[in-house]
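Trainee: Pasting a structure here, questions to come.
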Amino acid sequence: MSDQLIEEYISAHISEEPPLLAQTYRETHLHHLYPRMCSGHVQGRLLKMLTAMIRPRRVLELGAFTGYSTLCMAEALEPGAELHTVEIDDELEDELLERFSRAQTAGSITLHIGDALEVLPTMEGKWDMVFMDANKRHYPQYYEMLVDRVNPGGYIIADNTLWDGKVAQTPPPSDAQTRGIMEFNDMVAKDSRVEVCIVPVRDGLTIIRIKE
């Protein structure tokens, strides 16, 4: 059975996609290049479920794109919790702010425009949950900057860590994105401070728990 048929079966047997998210997914495919970067129904429901299970007070997202994953995590936040999302593309700012304003959880979301490598040092405090989905070349740097800033028992969740299976091959020297993900995967696997698993949903989702 094809992966497409399996994904369609899963979509039909999980919680329904909320209207705002369905609209976001459609608009992303109509108006943006590389719409595949949008999380989508299956991964989105998983992100919401993980957020509900972790019950974080402070969430950080690196890479908002059109806001689909942001909205999924915000759905599950408890009252008073906050979600900070960093997006490098300033042309998406107005679209994101308008879309977030339509969410019931709008008050929990703060948008930061800029390069995550430059924005992260300006952000204070620790995090309970981090979702990494920004520049794949910089996954190792993001991890190094964040692992000690996640509370014990907290989680880092990284997207695209199987990268269409390229991580199991030898990439050409020019493929900086694949090499970045491979370096990140190796780094996490060897880090005694964390527990890690990879879920083969979509393009690979790595779940990292900071040991207590």
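For the sequence shown, this note's numbering gives the first residue as 1, with consecutive numbering after it.
Note that the Cβ used here is the ideal one computed from N, Cα and C, for glycine as well.
Bear in mind that the values here come from a model prediction, so they are computed numbers and not experimental data.
How long is the line joining the alpha carbons of M53 and E78, rounded to whole angstroms?
Mentor: Locating residue 53 in the sequence shown gives position 53, counting from the first residue. Locating residue 78 in the sequence shown gives position 78, counting from the first residue. Computed Cα separation, rounded: 11 Å.
Trainee: Evaluate the contact criterion for the segment 123 to 142 versus the segment 97 to 107: three or more CB pairs, one atom per stretch, below 8 Å.
Mentor: Cβ pair count under 8 Å is below three, so no.
Trainee: What ranges does the beta strand (DSSP E) occupy inside the segment 99 to 159, keeping only unbroken runs of at least 3 residues that lie completely in it?
Mentor: The qualifying runs are 109 to 113, 127 to 132 and 150 to 159.
Trainee: For P56 and A74, what's the separation of their Cα atoms in angstroms?
Mentor: Along the sequence shown, one-based indexing puts residue 56 at 56. Along the sequence shown, one-based indexing puts residue 74 at 74. Using only the alpha carbons, I get a separation of about 11 Å.
Trainee: How would you label K136, buried or exposed, when you count the other beta carbons within 10 angstroms and need 16 or more for buried?
Mentor: Position 136 of the sequence shown holds residue 136. Classification for K136: buried.
Trainee: What residue range does the beta strand (DSSP E) around H31 cover?
Mentor: Locating residue 31 in the sequence shown gives position 31, where the first residue counts as 1. Here H31 belongs to no beta strand (DSSP E); instead the alpha helix (DSSP H) covers P19 to H31.
Trainee: Would you say D90 faces chain B, with C-beta separation under 8 Å as the test?
Mentor: The chain inventory of the structure shown lacks chain B, comprising one protein chain alone.
Trainee: Can you tell me which of the three DSSP states E16 falls into?
Mentor: Looking up residue 16 in the sequence shown gives position 16. Three-state result, E16: coil.
Trainee: Does DSSP put E195 in a helix, a strand or coil?
Mentor: Reading the sequence shown from its first residue, position 195 is the one you call residue 195. Strand, per DSSP.
Trainee: When burial is assigned at 16 or more other CB atoms within 10 Å of the CB, is T6 buried or exposed?
Mentor: Here residue 6 corresponds to residue number 6 of the sequence shown, with the count starting at 1. Thr is not the amino acid found at residue 6; the sequence shown has Ile there. It is exposed - the Cβ of I6 has fewer than 16 other Cβ atoms within 10 Å.
Trainee: Let me make sure I understand the geometry here. Which of E95, D3, L62 and R26 has the alpha-carbon closest to that of D159?
Mentor: If you number the sequence shown from 1, residue 159 lands on position 159. Out of E95, D3, L62 and R26, L62 has the C-alpha closest to the C-alpha of D159.
Trainee: Does the segment 109 to 125 come close enough to the segment 39 to 50 that 3 or more CB-CB pairs lie under 8 Å?
Mentor: Contact between the segment 39 to 50 and the segment 109 to 125 is absent, because fewer than three Cβ pairs lie under 8 Å.
Trainee: So, helix, strand or coil for V201, using DSSP?
Mentor: As a working mapping, residue 201 is identified with position 201 in the sequence shown. Looking at V201 - three-state DSSP - the assignment turns out to be coil, as it is neither helix nor strand.
Trainee: Among L162, S69, P172 and V196, which has the Cα closest to the Cα of G204?
Mentor: Here residue 204 corresponds to residue number 204 of the sequence shown, with the count starting at 1. The shortest C-alpha separation from G204 is found at L162.
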